[in-house]
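K.L.:
Please see the structure below; I have some questions.
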Ligand code: SAH
Ligand code: SF4
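In my numbering, the protein residues as written are 668 to 1039.
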């Protein structure tokens, strides 16, 4: 009989304590284990030298520490690094590290594919395979942090390489709520990555009930992918808008900020030439966030559209993006234009597609066919 080994990356801090209790171990053992795994990058129980030998023995029979395997690892001319990771059954996901002078940001995936199917997003176009587990989500941070540290070993580099995490890779994190929150808990835990909640961002296309749940369970920084100032246009660009229209989305943003009053919501807005980039759209946006029951405390992040072979969609010209940003800024709204990073390795926003996905499992079926 084969024993199924528990992957300890799948366990949030509470679950790891429960797991240790099930092995008759005290809660401090869970903290020690968590520090070995998430702060030292150690996955081999024999190397966890301050754990009792008996516990190391138990763990080696019933547990393991395993992140998704790396299929490919590319570095862009601008230093952006993208990993393609195997999550089984022909599915691959992508994780992107964006180094900047004052920070290192990791963009993490939460689903293989996405059901929301926004008009301009290559992840949406590939369909949906499945939700990632907590281990597959935190495993991206674990793998990336320790790969980056290993690369800089011997240099006078800061111990921690990743200072910020954004759940902005493939998938809709709020449609994979429990696994995403499990990973967020580890990101924030002092015995794991110890990131402050403002350095961890969840980006959502607007799953209203789950925005409320996030406020209650794990109020990290919130980014909302807006892309349109009215329901008629947003219904076309972000089909989820038909279920959760703008008025209810804005109300959810207000409630989120009630839970964390000193925060702001970042509204992401993909700039599409001739679609959503007119002056009139910018003025409508100002009205949307300024009026209603109360203004929404917010920033805008304009993302120049990254083309991936979708016919009929083009990036707004730079002067249009500047004029659009000018209208928002004149209304007193902090507005940034996202620098496109890593586009030579297809690592920019909306370009993540996990190239090796094989949804028909053709490769596996071919392997299983008898040879003639
Ligand atoms: N599903 C979540 C998070 C992943 S998408 C969400 O939609 O928010 C991360 C960001 O990339 C979103 O703001 C999304 O709208 C944007 N995006 C998707 N496709 C894009 C593209 N082709 N060009 C530029 N931004 C894109
Ligand atoms: Fe899904 Fe986000 Fe892409 Fe929309 S933009 S299809 S929600 S990953």
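Backbone N, C-alpha and C fix where the C-beta goes; we use that ideal spot for every residue, glycine too.
(1) Scan the stretch 741-800 and note each continuous alpha helix (DSSP H) run of 4 residues or more that stays entirely inside, going in chain order.
(2) With burial defined as no fewer than 16 other Cβ atoms inside 10 Å of the residue's Cβ, what is the status of residue 746: buried or exposed?
(3) Closest to residue 778 by C-alpha separation, out of 770, 800 and 952, would be which residue?
(4) How is residue 670 classed by DSSP in three states: helix, strand or coil?
(5) Would you decide whether residue 1038 is buried or exposed? Buried here means 16 or more other CB atoms lie within 10 Å of its CB.
(6) Tell me the DSSP secondary structure of residue 805 in three-state form.
(7) Should residue 838 be listed as close to the ligand SAH, given that the test is whether its C-beta is under 7 Å from any heavy atom?
(8) Measuring alpha carbon to alpha carbon, tell me which of 1013, 982, 971 and 759 ends up nearest residue 1005.
(9) Just the Cα atoms here: how many angstroms apart are residue 685 and residue 888?
(10) Keeping to the same chain, check which residues put their C-beta closer than 8 Å to that of residue 874; ignore five residues upstream and five downstream.
(11) Taking Cβ to Cβ, would you say residue 730 is nearer than 8 Å to residue 808?
(12) Taking just the CA atoms, how far does residue 999 sit from residue 933?
(13) Can you have a look at residue 967 and say buried or exposed, based on whether 16 or more other CB atoms are within 10 angstroms of its CB?
(14) In chain order, which continuous runs of the beta strand (DSSP E) of length 3 or greater are located wholly inside the stretch 901-972?
(15) Can you tell me the Cα-Cα spacing of residue 878 and residue 856, whole angstroms?
(16) For the ligand SAH, is there a heavy atom less than 7 Å away from the beta-carbon of residue 796?
P.N.:
Let's see:
(1) 789-792
(2) Looking at its Cβ environment, which holds fewer than 16 other Cβ atoms inside 10 Å, residue 746 is exposed.
(3) Nearest option by C-alpha distance: 800.
(4) coil
(5) Interpretation of residue 1038 is limited by its pLDDT of 34, a score under 50 that renders its predicted location unreliable; the figure taken from the coordinates is listed afterwards. That one is exposed.
(6) Look at residue 805 here: in three-state DSSP terms it is helix.
(7) yes
(8) 971
(9) 28 Å
(10) 839, 841, 842, 907 and 911
(11) no
(12) 15 Å
(13) buried
(14) The DSSP assignment places 932-938 and 965-971 as complete runs of the beta strand (DSSP E) inside the stretch 901-972, in order along the chain (cut-off: 3 residues).
(15) 21 Å
(16) no
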